[in-house]
Amino acid sequence: MSALSDIYLDYIARLNQQDWPNLHQFVHTDVEHNGRSLGLNGYIEMLKTDFSDIPDLHYNIEILVADAAYLASRLQFNCTPKGSFLGLPVNGKRVVFAENVFYKFQDNKIRQVWSVIDKAAIEAQLT
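The UniProt record's numbering applies: residue 1 is where the sequence shown begins, and numbers increase by one.
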C-alpha cells in the first residue's frame with residue numbers, strides 16, 4: 001500500500017469520527033472541490049453540512065487506488081438523508097449509492113477533489 005493510501009485511510013477514519021479539528025492534518029489549506037476553491041474551512045463546513053443533512057453518514061471504502069500524487073476511491077454509502085438530497089425527495093428513506101472520487105495530493109495533503117455521486121442509483125430507489 002502506498003503512503004497516500006495510509007494517509008487516506010486515516011482521513012476517512014477522521015471523517016467518520018467527525019474529527020473536524022484534526023482534518024488539517026489531511027487537507028491542504030487551499031483545497032478545491034469540483035473546481036471550486038473552498039479552502040480548508042469551507043471544505044470542513046461542506047462536510048459538516050453533509051453530516052447534518054445525513055445523520056447516519058458513514059464513509060465506506062469499496063475501491064482504493066493510489067500512485068505518487070493521485071488517489072482514486074469508490075465510496076459506498078447506506079444512509080438516510082433527512083430531506084432533499086441532490087435535489088431528490090429522499091426524506092428519511094434509506095438509500096444505497098456510490099461516490100467516485102479522485103484526489104490530487106500536495107505535500108501529503110488533499111489539494112484537489114473531483115467527486116461524482118451515482119444519483120441514478122438513488123433515483124431508482126425512490127420510484
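Positions of the beta carbon are idealized from the N, C-alpha and C atoms, including for glycine.
Would you mind stating whether Arg111 and His28 have Cβ atoms separated by less than 9 Å?
yes
By the 10 Å Cβ neighbour count, where 16 or more other Cβ atoms means buried, how is Ile61 classified, buried or exposed?
exposed
Spatial neighbours of Glu32 in its chain, beta-carbon cut-off 8 Å, leaving aside the 5 residues before and after
Leu38, Arg111, Gln112 and Val113
Tell whether a beta-carbon distance below 9 Å holds between His58 and Asn16.
yes
Roughly how many angstroms separate the alpha carbons of Asn100 and Leu4, rounded to a whole number?
17 Å
Taking 9 Å as the cut-off, decide whether the C-beta atoms of Val95 and Ala120 are in contact.
no
Which two residues bound the contiguous beta strand (DSSP E) that contains Ser118?
Residue identity differs from the one stated: residue 118 is Asp in this sequence, not Ser. Taken as a continuous stretch (DSSP letters only), Asp118 belongs to no beta strand (DSSP E), as it is neither H nor E.
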